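Taking it in order: structure first as structure tokens, then the write-up.
2 protein chains.
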Amino acid sequence: MHPGKIAALLERLDTEQRLTLWQQIGPELEERTLHHLSPSLRAQLAGDSAEASLAASDEPGNSQLEAVRQALAQGKLKRLGKLLHRMHPAKVAGLLEAMPPAERNRAWSMVETERAGKVLTYLHDEIRTALALELDPEDLIAATAQLELDDRVDLIQALPAKLGNQLLHASSTAQRQQLESMLSYPEDSAGGLMNADPIQVRADVQAGAVLRYLRLLERLPPQTDLLMVVDRKGHYQGALRLSELVTAELDQRVSELMHHDIIGIAVTTSGNEVARLFQDHDLLSAPVVDEHNRLLGRITVDDVIDLIREDSDRALMHMAGLDDEADIFAPVLVSARRRALWLGINLLTAFGAAWVIGLFQATLEQLVALAVLMPIVASMGGIAGSQTLTLVIRGLALGQVQKGNIRILLNRELGISILNGMLWSVVIALLAVLWFGNWGIGAVLGAAILLNLLCATLAGWGIPLLLDRMGIDPALAGSVILTTVTDVIGFFAFLGLATILLL
Amino acid sequence: MHPGKIAALLERLDTEQRLTLWQQIGPELEERTLHHLSPSLRAQLAGDSAEASLAASDEPGNSQLEAVRQALAQGKLKRLGKLLHRMHPAKVAGLLEAMPPAERNRAWSMVETERAGKVLTYLHDEIRTALALELDPEDLIAATAQLELDDRVDLIQALPAKLGNQLLHASSTAQRQQLESMLSYPEDSAGGLMNADPIQVRADVQAGAVLRYLRLLERLPPQTDLLMVVDRKGHYQGALRLSELVTAELDQRVSELMHHDIIGIAVTTSGNEVARLFQDHDLLSAPVVDEHNRLLGRITVDDVIDLIREDSDRALMHMAGLDDEADIFAPVLVSARRRALWLGINLLTAFGAAWVIGLFQATLEQLVALAVLMPIVASMGGIAGSQTLTLVIRGLALGQVQKGNIRILLNRELGISILNGMLWSVVIALLAVLWFGNWGIGAVLGAAILLNLLCATLAGWGIPLLLDRMGIDPALAGSVILTTVTDVIGFFAFLGLATILLL
């Protein structure tokens, strides 16, 4: 439509309709339409657009969140839709995560169905599931129809079984078969990460023929940097880099150009191992094969990046007893219930420490200075132990800590804690003597700290190794157990030594 | 050389020379040579290879480390060289990081100079610098001659100025200019991450001409998925995907095929922001431009992955007061000195808490049960506070926590801690009443815990925001400050209330 006609139409509509139409107009046409409007309407609509584009531009994220929340608060849903429309789906996802649930749902309803599927893929599990359930089943099916299969698999896994099945059955038969086979692998394995879309070529054709074949395909799957070379029975033989195909002579055969050393990843390989392979070999994508070396699919680096970020994130959050996939704006009652468990577990630790102190009530009554100093013993042990604990947890994750060197690591850590123990126990003992004018208290305090540091180191080293072997995430349970050990041993050593030596 | 001739040669050499030669032989030739050897020698050499290939195969990393350390301990340097030769440089780097320094240096001397450069790029800073210094300057120059420029820049930045300069001046003039311009950007910015090797094309040429041009180049830089479209003055205009170039009709123009929405990243963009762009837009590589939109280089996803892993790693390690780039097998004295500082800082916290308790010695003398229960107050506060702290630190890093929603987050966290505070303070109070048969103690304990949880939440929310605004890493300083707050307030509230109400 000519900009003049649009302008005439805009003049005739009521405010609501006018804004709806205005929202549909692309930036270029917008510019030209503005010239045909009456000055008053021009100022009004130009103002609306300027605000929207200012907020949607890529400067400080703050203003975007504030602009969206403001639009929501003022009920300007049209402007909101426009704001969201101009953002990348990842940005929209980020904004949705940064909003409280009620506002989030209202903003979500303004995301176009075609883009909603893509937005879902960028969200953390809890929010993704909640927002997917907000959509009508038909809308959800429409929204996810354009997604890559691996993203659809993730979504199906996150949804309640019934809705997931609906989504599965809405796919074409060919896709459904692929989806079902992908769903049969654990989410966090090569099979769960792969997409079933590799381009396959034969080893005996020429580069020119491959290029002609690719032109026939018209479009390659996203993030295609490799073509997979397979034999007639579908066995994986090697990979051909796109960047080498385009520089090859047209009459060179694929067999001369392909890399045999790009090895197929077994479909059962753990996600952790896949991530390490991608990092070590600087891969952009990699073939996935079954136990007979038949090509099943490929993994792309974008999914591996998500995996790496989630893994590191998880360790940090688990150390504080938090769930990395949870909504940080979940209803207060829901979050409170989750955290109550963690506080309860830690309470057991605290009562354990209190019980130890309770054993020495008689001692404390006679020498109240002990009560003043005892937190120092527990605290120094806790700090030193958590350093060793963190080092081992991270070393296990990176593969720096292995069976072949755990003993060396223990010796080193013990050495460090003896040196630091001697240094700080003397310093602390002297400070205590100065404070309370009692050499005995100083001596007992120093000895208890030295002993607690050694035990803390031993615990910080042994606990994660033990948990790892038992299949428990050391980041989740490690720090609670460590604190229990350092508190109990610290108080016991300090008060016990005092009871024997000072009374 | 014919396998028979090699076999004859092997028979004539002494053991040392024989192993040196044997080590140079590739696996295929090895197999055929073995057939020509005398049975005794065959058994010996086949055994050597079998052990080596067993250890170098991709099964459990443990056996590799153990095999390498064993070879070192037995002085079998030849076998060691062979083991290392068969591993990917990333694996070699991993093994070196998992060894104590003395062994590591000996193993390092067995890595071929041509591969040493690549191995260096996979190491953490401290070990990388140490091993680079182990090489003769000429060897170091030879080892790094084949590296990509961004890897060489990283290395130069990590070396002492004099050696770094030598490395810089050993480069060709053209490379040196590029290196110098790359060195002028902060390591952790788009400029520091980029490589100066993008393939450039013009918008007005046809796809067929671009393909011919690529064939002339013979080889594209690693991880090339985009060709950059620039005008005659070098201004960046957009990017052409290799995967779309190969599917295009030969007479289509670049201007029709290129993407204008692949925007150039400003050279001053922070590494953090670059990582987010790559994640949000699923990029494999991206153009870097100066303030006039002139194309300077490109960033590839492999460097971004390293950045992401390092970033997440850093938060985890900093929370325990550790340096993520440090050698976990550094000499004990060096590590002890580093950690002593952290223990010293925490000691101030502990003495602060002790000082607060000291204020109430008279109260404690009268009611020793308070000494038994007081660690519970501090501990519950610490746990609750560190949950909020971790949530905010991670929310800041992911952009979930912004100016537009920090208040909402605070309200939520306070709500959670009021609910949990009421629940657990009642539980703990009742337990204390049961234990000591004193309703007053229970009431004071419950009130102190509720108060401390609220303060802990406030501190866990406010401290990282404050530190972030001051430009201090919240992960590094946050937990120490938080512990100080929860300990001091916890003891003060509990003992203070007891003094007022119970005596």
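Protein sequence lines correspond, in order, to chains A and B.
The first sequence stops at residue 503 when you use UniProt numbering, and every number in between is there.
The second sequence stops at residue 503 when you use UniProt numbering, and every number in between is there.
For each residue, glycine too, the CB sits at the ideal point set by N, CA and C.
From a predicted model like this one, the values you see are computed outputs, not experimental measurements.
C-alpha distance - residue 438 of chain A paired with residue 327 of chain A, whole-angstrom precision: Taking the first residue of the first sequence as 1, we reach residue 438 of chain A at position 438. Taking the first residue of the first sequence as 1, we reach residue 327 of chain A at position 327. So the alpha carbons of these two residues sit roughly 54 Å apart.
Interface residues of the stretch 312-324 of chain A facing chain B [CB-CB below 9 Å]: 312, 313, 315, 316, 317, 319, 320, 321, 322, 324
Buried or exposed: residue 478 of chain A, going by 16 or more other Cβ atoms within 10 Å of its Cβ? On the first sequence, position 478 is the one that residue 478 of chain A refers to. Buried, because 16 or more other Cβ atoms sit within 10 Å of the Cβ of residue 478 of chain A.
Is there a C-beta anywhere in chain B that falls below 7 Å from the one on residue 127 of chain A? Within the first sequence, residue 127 of chain A is the residue found at index 127, counting from 1. Residue 127 of chain A does not count as touching chain B.
Mind listing, in chain order, the continuous alpha helix (DSSP H) runs of no fewer than 4 residues lying wholly within the stretch 93-178 of chain A? 101-108, 113-121, 125-134, 137-144, 149-158, 161-169
Excluding sequence positions up to five away, which residues of its chain have a Cβ less than 8 Å from the Cβ of residue 378 of chain A? Along the first sequence, one-based indexing puts residue 378 of chain A at 378. Within the same chain, residue 378 of chain A has close Cβ partners 353, 452, 486, 487, 490, 491.
Taking all protein chains shown into account, decide if residue 344 of chain A is buried (16 or more other Cβ within 10 angstroms of its Cβ) or exposed. The residue given as residue 344 of chain A occupies position 344 in the first sequence. It is exposed - the Cβ of residue 344 of chain A has fewer than 16 other Cβ atoms within 10 Å.
Once DSSP output is grouped into helix, strand and coil, what is the label at residue 61 of chain A? Position 61 of the first sequence, counting from 1, holds the residue named residue 61 of chain A. With a pLDDT of only 46 at residue 61 of chain A, under 50, the local geometry of the prediction cannot be trusted, and no value is derived from it.
7 Å is my cut-off, CB to CB: does residue 270 of chain A come that close to chain B? Counting from 1 along the first sequence, the entry for residue 270 of chain A is found at position 270. Residue 270 of chain A does not count as touching chain B.
Counted within 10 angstroms of its Cβ, other Cβ atoms place residue 173 of chain B as buried (16 or more) or exposed: Along the second sequence, read from residue 1 onward, the residue named residue 173 of chain B stands at position 173. Residue 173 of chain B is exposed by the Cβ-count criterion.
On a Cα-Cα basis, can you pick out the residue from A:318, A:404, A:448 that is closest to residue 472 of chain A? Start at 1 with the first residue of the first sequence, and residue 472 of chain A comes out as number 472. Nearest C-alpha to residue 472 of chain A: A:318.
Contiguous alpha helix (DSSP H) assignments of at least 4 residues, all confined to the stretch 203-234 of chain A: 207-217
Can you grab the Cα-Cα spacing for the pair residue 462 of chain B / residue 411 of chain B, in whole Å? Indexing the second sequence from 1 puts residue 462 of chain B at position 462. Indexing the second sequence from 1 puts residue 411 of chain B at position 411. C-alpha separation (whole angstroms): 12 Å.
Could you tell me which chain B residues have their CB closer than 8 Å to the CB of residue 194 of chain A, listed as they occur along the chain? As a position in the first sequence, residue 194 of chain A is number 194, starting the count at 1. The contacting residues do not exist; residue 194 of chain A stays about 16 Å from chain B at best.
Which value, in whole angstroms, describes the spacing of the CA atoms of residue 566 of chain B and residue 99 of chain A? Here chain B covers residues 1 to 503 and nothing more, so residue 566 of chain B does not appear.
Cross-chain neighbours of residue 99 of chain B in chain A, by beta carbon under 8 Å: Locating residue 99 of chain B in the second sequence gives position 99, counting from the first residue. Simply 405.
Is there a Cβ from chain B that is less than 7 Å from the Cβ of residue 198 of chain A? As a position in the first sequence, residue 198 of chain A is number 198, starting the count at 1. No, its Cβ sits nowhere closer than 7 Å to a Cβ of chain B.
Check the Cβ-Cβ distances between residue 218 of chain B and every residue of chain A, and say whether any is below 7 Å. Position 218 of the second sequence, counting from 1, holds the residue named residue 218 of chain B. Yes, residue 218 of chain B lies at the interface with chain A (some Cβ there is under 7 Å from its Cβ).
Between residue 50 of chain B and chain A, is the shortest Cβ-Cβ distance under 7 Å, so that the two count as touching? For the purposes of this step, residue 50 of chain B is identified with residue 50 of the second sequence, where counting begins at 1. For residue 50 of chain B, the predicted structure reports a pLDDT of 49, less than 50, and the residue's modelled location is therefore unreliable. A value from the coordinates is still provided. Not one chain A Cβ lies under 7 Å of residue 50 of chain B.
Straight-line CA distance for residue 157 of chain A to residue 163 of chain A? Reading the first sequence from its first residue, position 157 is the one you call residue 157 of chain A. Reading the first sequence from its first residue, position 163 is the one you call residue 163 of chain A. In a straight line, the C-alpha of residue 157 of chain A is about 10 Å away from that of residue 163 of chain A.
Per the DSSP calculation, residue 185 of chain B is bridged to which residue(s)? In the second sequence, the residue the question calls residue 185 of chain B occupies position 185. Note: residue 185 of chain B sits in no beta bridge, so no partner.
Does residue 335 of chain B pass the burial test, meaning 16 or more other C-beta atoms within 10 Å, or should it be called exposed? Position 335 of the second sequence, counting from 1, holds the residue named residue 335 of chain B. Classification of residue 335 of chain B: buried, given that the 10 Å Cβ count is 16 or more.
Endpoints, beta strand (DSSP E) assigned at residue 300 of chain A: As a working mapping, residue 300 of chain A is identified with position 300 in the first sequence. Where residue 300 of chain A is concerned, the enclosing beta strand (DSSP E) stretches over 295-300.
7 Å Cβ cutoff met for residue 242 of chain A and residue 242 of chain B: By 1-based counting over the first sequence, the position of residue 242 of chain A is 242. By 1-based counting over the second sequence, the position of residue 242 of chain B is 242. Contact flag set, yes.
Whose CA, out of B:125, B:165, B:124, lies closest to the CA of residue 141 of chain B? Along the second sequence, one-based indexing puts residue 141 of chain B at 141. Of the candidates B:125, B:165, B:124, the one whose C-alpha sits nearest the C-alpha of residue 141 of chain B is B:165.
So what's residue 287 of chain A in DSSP terms, helix, strand or just coil? Taking the first residue of the first sequence as 1, we reach residue 287 of chain A at position 287. In this structure, residue 287 of chain A counts as strand in the three-state DSSP scheme.
Counting only Cβ-Cβ distances shorter than 7 Å, please list the residues of the UniProt domain "CBS" (258-314) of chain B near chain A, keeping chain order. 279, 280, 281, 282, 284, 301, 302, 305, 308, 309, 312, 313
May I have the straight-line CA-CA distance separating residue 376 of chain A from residue 349 of chain B, to the nearest angstrom? Sequence index remark: in the first sequence, residue 376 of chain A carries index 376 (1-based). Sequence index remark: in the second sequence, residue 349 of chain B carries index 349 (1-based). For residue 376 of chain A and residue 349 of chain B, the distance between alpha carbons rounds to 9 Å.
With DSSP as the reference, label residue 241 of chain B as helix, strand or coil. Here the question's residue 241 of chain B lines up with position 241 in the second sequence. If DSSP states are grouped into helix, strand and coil, residue 241 of chain B belongs with the strands.
Quick one: list the residues of chain A neighbouring residue 446 of chain B, beta-carbon separation under 8 Å, in chain order. Working through the second sequence from its first residue, we reach residue 446 of chain B at position 446. Here the premise fails: no neighbours, minimum Cβ distance about 13 Å.
Whole-angstrom C-beta distance between residue 460 of chain B and residue 482 of chain B, which should lie under 8 Å: As a position in the second sequence, residue 482 of chain B is number 482, starting the count at 1. As a position in the second sequence, residue 460 of chain B is number 460, starting the count at 1. At roughly 6 Å, the Cβ-Cβ gap stays under 8 Å, so residue 482 of chain B and residue 460 of chain B are in contact.
Check the C-beta distance from residue 425 of chain B over to residue 446 of chain B and give it rounded, since I have them as a contact under 8 Å. The count along the second sequence starts at 1 and reaches residue 425 of chain B at position 425. The count along the second sequence starts at 1 and reaches residue 446 of chain B at position 446. Confirmed, about 4 Å.
Quick check: residue 151 of chain B and residue 113 of chain B, are their CB atoms within less than 7 Å of each other? Counted from its first residue, the second sequence places residue 151 of chain B at position 151. Counted from its first residue, the second sequence places residue 113 of chain B at position 113. The answer is no: Cβ separation not under 7 Å.
Can you find a CB in chain A that lies within less than 7 Å of the CB of residue 365 of chain B? Residue mapping note: residue 365 of chain B aligns to position 365 of the second sequence, counting from 1. Yes, contact with chain A.
With a threshold of 7 Å on Cβ separation, who are the neighbours of residue 428 of chain A within its own chain once the five nearest residues in sequence on each side are excluded? Your numbering for residue 428 of chain A matches position 428 in the first sequence. Closer than 7 Å at the Cβ level, and outside the excluded window around residue 428 of chain A, lie 376, 445, 446, 449.
Below 8 Å on C-beta distance, what does residue 380 of chain B contact in chain A? For the purposes of this step, residue 380 of chain B is taken as residue 380 along the second sequence, with counting starting at 1. Within chain A, the residues near residue 380 of chain B are 343, 346, 347, 350.
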